[in-house]
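Take a look at the structure below.
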Amino acid sequence: MSTVVFFNVPAHCHVNPTLPLVAELIQRGERVIYYAQENFRLLIEQSGASFRAYGDAYPFDHDRLDENIFKVVNQMMKASWLILEKLQDEIKEIQPDYIIHDSLCPWGLYFAELLGIPSIRSIVIFAINMRMALSVPEQYVEHVGMLFPAWKDVIEIITMEIRISQKYHVGRYINCMDTLQNVGPMKILYASRELQPFANAFDDTYKFIGYPVLPRTHVPAFPFERLSDKPLLYISLGTIYNDHLEFYRLCFEAFKQSDWQVVMSVGSKVQVESLEPIPDNFIVQNVVPQLDILQRASLFLSAGGSSSIKEACNYGVPLIIVPHASDQQWVAGRIEQLGAGKRIRKQRVTAVRLRKLADEIVANPCYAQTSQKIGEALRDVGGYTYAVDEIQKLKQAFAVG
1 MSTVVFFNVP AHCHVNPTLP LVAELIQRGE RVIYYAQENF RLLIEQSGAS
51 FRAYGDAYPF DHDRLDENIF KVVNQMMKAS WLILEKLQDE IKEIQPDYII
101 HDSLCPWGLY FAELLGIPSI RSIVIFAINM RMALSVPEQY VEHVGMLFPA
151 WKDVIEIITM EIRISQKYHV GRYINCMDTL QNVGPMKILY ASRELQPFAN
201 AFDDTYKFIG YPVLPRTHVP AFPFERLSDK PLLYISLGTI YNDHLEFYRL
251 CFEAFKQSDW QVVMSVGSKV QVESLEPIPD NFIVQNVVPQ LDILQRASLF
301 LSAGGSSSIK EACNYGVPLI IVPHASDQQW VAGRIEQLGA GKRIRKQRVT
351 AVRLRKLADE IVANPCYAQT SQKIGEALRD VGGYTYAVDE IQKLKQAFAV
401 G
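For the sequence shown, the positions run 1 to 401 when our numbering is used.
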């Protein structure tokens, strides 16, 4: 039996896809110690893992990440410094044989190098390299534009990496894409090569395991009796970038007094009462049973969170994507390129345009058919059994356990 430490960020979209992987590792006899924050304890322990909390070593609210990628990277580097400082003795005492860490947890990479053990990256979005970053000129310009308001963050990122390198004698990765995505002997992606942009640019250290959609352990209450046989539009901006009242009101304007029946999930940061008056054809809740709603939906209006998009494709639901963060831009672009939906830049969203696109997509069955094909590819890759098979091969190559 080997011991693996799994580092993740406290966000459902990053934790949930990993839990079946953890369960499969434990089924194969591995001991898994999983780090997140206290509100994830029950969920993680249900997978069979031993839970550990970061506590004040991770003093950030991951549900309120900045939309500027450089500010996010700076936050992750500051977390790396704190976690290395406060958990170094604890991790050494555990004596892990290898480490699995989310792509937003560079401290996992540093701990692995510090202990001289292999590391495996868990990537819930897309694999990213410079070719991909430069492939969308509009997005590249947007990223360059983010540099100016975040120039202090860029300096702090470089300074923090130098400090970590000097104190702990571990590698210095100035390229933030390498720090967050590409360094390490194995990367596990919850996607298919068909969905990954520029898939041929990524070698066989990238293991595409697909995205099997599993039932939720906790299902929020929902008035299913209010649903009719009208086409159902599901609207959700996900769990992080969801406090956009004006966007929700714009959706009211677009779809009120229409043939659409609309289910809207606004997240925990918005008071539903603050959106009143709510049109009669809308059901608005903080949280809804997403998988149950997607099974009934004709269209999904989303911010482009990777997990939600894959779940939509699992049920063959076409998409309108209004991306808010950098990773969502890539997801939106790929879905549009493959023909499973349409993308709208958030600065260009109008009620008229939303309504027109929704009617256009539902009238053309090709969008739903393409979404279904993407879902089939995600189910047929190999899943968590394949992932653990590859981890076992890596252990043999490094003479682990």
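Yeah, the Cβ is synthetic: ideal placement off N, Cα and C, and Gly gets one too. None of these values were measured; they are calculated from a predicted model.
Proximity below 8 Å, CB of residue i to CB of residue j
i           : j           : result
residue 378 : residue 210 : yes
residue 233 : residue 298 : yes
residue 101 : residue 80  : no
residue 13  : residue 382 : no
residue 96  : residue 3   : yes
residue 191 : residue 208 : yes
residue 302 : residue 275 : no
residue 403 : residue 170 : Examination of residue 403 is not possible in this model, given that the chain is present from 1 through 401 alone.
residue 338 : residue 312 : no
residue 42  : residue 164 : no
For residue j and residue i, the rounded distance between their alpha carbons
i           : j           : result
residue 152 : residue 68  : 13 Å
residue 94  : residue 300 : 44 Å
residue 289 : residue 354 : 24 Å
residue 256 : residue 332 : 26 Å
residue 387 : residue 188 : 7 Å
residue 370 : residue 357 : 17 Å
residue 1   : residue 39  : 29 Å
residue 162 : residue 155 : 11 Å
residue 75  : residue 60  : 8 Å
residue 350 : residue 254 : 8 Å
residue 314 : residue 54  : 33 Å
residue 46  : residue 364 : 42 Å
residue 406 : residue 286 : As shown, the chain starts at 1 and ends at 401. That puts residue 406 outside it, with no answer to give.
residue 390 : residue 231 : 43 Å
residue 347 : residue 250 : 12 Å
residue 284 : residue 362 : 22 Å
residue 26  : residue 401 : 14 Å
residue 33  : residue 218 : 23 Å
residue 272 : residue 159 : 43 Å
residue 328 : residue 368 : 20 Å
residue 106 : residue 52  : 18 Å
residue 236 : residue 372 : 20 Å
residue 37  : residue 200 : 36 Å
residue 306 : residue 397 : 31 Å
residue 380 : residue 214 : 14 Å
residue 29  : residue 277 : 55 Å
residue 35  : residue 184 : 20 Å
residue 342 : residue 326 : 17 Å
Nearest-angstrom beta carbon gap, residue j and residue i [assumed within contact, 8 Å]
i           : j           : result
residue 98  : residue 393 : About 12 Å separates the two Cβ atoms, so there is no contact after all.
residue 322 : residue 344 : 5 Å
residue 227 : residue 261 : 7 Å
residue 124 : residue 17  : 5 Å
residue 22  : residue 49  : 5 Å
residue 374 : residue 195 : 6 Å
For residue i, the three-state DSSP class (helix, strand or coil)
i           : result
residue 346 : helix
residue 256 : coil
residue 119 : strand
residue 23  : helix
residue 388 : helix
residue 203 : coil
residue 261 : strand
residue 104 : coil
residue 1   : coil
residue 162 : helix
residue 193 : coil
residue 325 : coil
residue 154 : helix
residue 55  : helix
residue 447 : This structure leaves residue 447 out entirely; the chain is present only between 1 and 401.
residue 402 : Absent from the structure is residue 402, since the part of the chain shown begins at 1 and ends at 401.
When the options are compared against residue i, the one with the closest alpha-carbon
i           : options            : result
residue 206 : 9, 380, 193, 280   : 193
residue 24  : 400, 384, 170      : 384
residue 91  : 191, 108, 190      : 108
residue 279 : 258, 390, 222      : 258
residue 56  : 70, 20, 10         : 10
residue 198 : 334, 328, 229      : 334
residue 167 : 44, 82, 398        : 82
residue 366 : 319, 86, 196, 340  : 340
residue 78  : 185, 87, 58        : 58
residue 216 : 19, 376, 105, 342  : 19
residue 128 : 359, 330, 116      : 330
residue 88  : 5, 150, 51         : 5
residue 282 : 264, 31, 337       : 264
residue 212 : 270, 186, 310, 184 : 310
residue 204 : 186, 221, 157      : 186
residue 71  : 157, 120, 296      : 157
Residue i: CB within 7 Å of a non-hydrogen atom of the ligand ADP
i           : result
residue 307 : Among the ligands in the structure shown, none appear at all, so the ligand ADP cannot be discussed.
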